[in-house]
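J.: Below you will find the structure I want to go over with you.
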Amino acid sequence: MFKHGKKDVQKTLFDQDQSFPGYVMNMLQKSWADDFYRFIFSQINEERFSVLYSDKASRPNKPVNVLVGLLILKMEHALSDEELIGSLYFDYRYQYALGLDANDNDDRLCV
-17 MFKHGKKDVQ KTLFDQDQSF PGYVMNMLQK SWADDFYRFI FSQINEERFS
33 VLYSDKASRP NKPVNVLVGL LILKMEHALS DEELIGSLYF DYRYQYALGL
83 DANDNDDRLC V
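What the sequence shown shows, in my numbering, is residues -17 to 93, in sequence order.
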């Protein structure tokens, strides 16, 4: 069963980046992660992947935009699978680039 990922979700008071000092947020917004989110991640057309999923009621897919974004980041940064997952969980720039909230368990990937 195909399910769309989140796009342009409004930030909440409890999002992780809300706790960062202003200068850290400024650095984050000037990093590659902000450009990746705006110009690559937000342009991924998930609908094109819907034909790969069953129309029958079944377990929903993980967000396609996150999976495709991870593959692009893996190639761009020449990472192994283990390095990619480590970067996703321990480097906030990767979470930011993929529009993930550290507190949102729905976007966790099985590894």
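C-beta atoms are modelled at their ideal positions from N, C-alpha and C, and glycine is treated no differently.
1) Would DSSP call residue 1 helix, strand or coil?
2) Determine the contact status of residue 28 and residue 47, defining contact as a CB-CB distance below 8 Å.
3) Quick one: is residue 3 buried, meaning 16 or more other Cβ sit within 10 Å of its Cβ, or exposed?
4) My guess is that residue 55 and residue 76 are in contact by the Cβ rule of under 8 Å, so how many angstroms apart are they, rounded?
5) Let's test the definition: count the other Cβ atoms within 10 Å of the Cβ of residue 53 and tell me whether it reaches 16, buried, or not, exposed.
6) Taking only the alpha-carbon atoms, compute the straight-line gap between residue 82 and residue 69 and give it to the nearest angstrom.
T.: So, from the data block:
1) helix
2) yes
3) exposed
4) 7 Å
5) exposed
6) 13 Å
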